[in-house]
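Heads up: the sequence shown runs through residues 446 to 842, numbered per this note's numbering. Note that CB positions come from ideal geometry on N, CA and C, so glycine has one too. Heads up, the thing below is written out as structure tokens.
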Amino acid sequence: MSLETRNEINKYLVIFLDITNYCNARCRFCYNYSNLGQKPVNMTINIFRKAISFLPFVPDCNFFLSCRYEPTIHPEFFVLLKEIPSEYKNKVSFTTNLVKKLSREDIITLTNSNVHHINISLETFNRTLYTHLTQVDHENFYTNLENIAGVFSEYPDAPKINFITMILNDNFNELVDIITTAHKMFPCSSHHLRTPYFGITDSYKKFLTDQLLTKECLDNKKEQLLDLGNDVSLDTSMNLDTYNQILSGNAKPSSEHFHKVRIESNGQMELYGEKLDLGAIDNPYSYICRYTNMLKSIKGKKVYLFGAGFVHNVWMEHYSEGLDVICVFDNDESKWETVSSSGLPVRSPSELPELLSAGDRLIITSIYHKEISNQLKVLSIKDYFVFVDSWIYPREN
Ligand SMILES: C[S@@+](CC[C@H](N)C(=O)[O-])C[C@H]1O[C@@H](n2cnc3c(N)ncnc32)[C@H](O)[C@@H]1O
Ligand code: SF4
């Protein structure tokens, strides 16, 4: 399949894909534990091809082949990997628990894959603790790890290895050893350590209460871990004190872990609030253009905006210069026939079909873009773009 190369890549776009919805481990710390028992659905190659058609839009390292589940158990995992075009090697990564036994041939395939890096989840080198935490036998994990270290050392162009280690009460005193041992096995590796995400299901809550460290304890350890070098990064945002504050309503959980562009293994996708079924769409590429291409070939066109609130003002400030912006539509009746704070006439959306001609540019400038998209569907208007406030859009000369 040929993928078009586009320039209008947006640095904020991140795609979280899951090629399967199943996992072969049952880690006690897993934030996704309650979803692990569902009927397995593996992504078809057809849907995978559609998903990777988004690659041209994604900045380096922002396309994740696994997010909540275990990718290596997909029966055609290595077939799917081969579908990733070499020109996008810097964009793709996946995270694995290494629980499934990998042959030498599998590992050689990994060295040649067009993947920028592989995240390996590593909580401990203590086999008893490993089995306790993951609830699976330790043999495959440690054998895979050693075999990968051996084979990857023979292939200098193999993907980079990044370790992810949860910071838990159970492995707290081992963290320094985990980092140094992993780095000895993979001298070019990086290491990310994180405290568990927030969650409140009964079993997870109990786990967190037992395993979270106090802020003081984490602060004391930080320096020691960062001093190891070895490309160590830390996220210690969740501690026992913060967790209790959130539970008692005195603090809010961070929402940064809840992703905007997700593709499920069955092809269901959510793109900035818009639900899509990749299996049912012929050209998914055109959907993403709606969010990325609002300025493409806009010069000389009549421009109409939909949404006269805060996002509209941001758009006007950053993008209106030199453009022929005619008016803004808004659902708030009290604004109709007035002039917006940006100086544009505000009109009722009922006037839209009459005013809009082929070749004009309609851009939604509102946080309610999902609802407005539905409204436009009812009006049979398909040709429109959405401005995502947090993005920076390159201008055309
Ligand atoms: C959910 S897993 C999916 C990929 C794969 N199954 C694995 O574990 O490597 C993705 C990453 O999230 C980490 N993780 C699991 N539970 C977590 C939690 N409660 N908070 C933060 N990260 C977590 C895992 O250790 C892993 O590195
Ligand atoms: S291996 Fe990953 S997805 Fe599976 S239970 Fe552990 S953390 Fe969750």
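Query                                                                                                      : Result
Nearest neighbour of isoleucine 726, chosen from Val759, Arg494, Gln483 and Leu821 [CA to CA]              : Arg494
Expected contact under 8 Å - CB spacing of isoleucine 563 and proline 504 to nearest Å                     : Their Cβ separation, rounded to whole angstroms, is 19 Å, which puts isoleucine 563 and proline 504 out of contact at 8 Å.
Backbone CA spacing between lysine 484 and serine 802 [nearest angstrom]                                   : 48 Å
Any non-hydrogen atom of ligand 2 within 7 Å of tyrosine 514 CB                                            : yes
Ligand 1 heavy atom lying under 7 Å from the CB of phenylalanine 617                                       : no
Identity of the residue in Leu547, Asn571 and Ile497 nearest glutamate 619 by Cα                           : Asn571
Beta-carbon spacing of isoleucine 529, tyrosine 467 below 8 Å                                              : no
CB of phenylalanine 523 within 8 Å of CB of threonine 489, strictly                                        : no
Rounded C-alpha distance that separates phenylalanine 502 from asparagine 738                              : 10 Å
Cysteine 633 CB to nearest heavy atom of ligand 2 below 7 Å                                                : no
Beta carbon of alanine 470 nearer than 8 Å to that of valine 581                                           : yes
Coarse secondary structure for threonine 681, derived from DSSP in three states                            : coil
Reduced DSSP secondary structure (H/G/I, E/B, other) of phenylalanine 586                                  : helix
Simplified DSSP state of tyrosine 600, which is helix, strand or coil                                      : coil
Heavy atom of ligand 2 within 7 Å of asparagine 477 beta-carbon                                            : yes
Close Cβ partners of threonine 646 (< 6 Å) along its chain, the five nearest in sequence each way excluded : Ser479
Beta-carbon separation (whole angstroms), phenylalanine 508 vs leucine 500, contact threshold 8 Å          : 6 Å
Inter-residue spacing [alpha-carbon to alpha-carbon] between phenylalanine 832 and tyrosine 736            : 6 Å
Integer-rounded CB distance, given that aspartate 805 should sit under 8 Å from lysine 744                 : Rounded, the Cβ-Cβ distance is 13 Å, inconsistent with contact.
For histidine 704, three-class secondary structure by DSSP                                                 : The predicted position of histidine 704 is uncertain, since its pLDDT is 44 and thus under 50; no value can be drawn from it.
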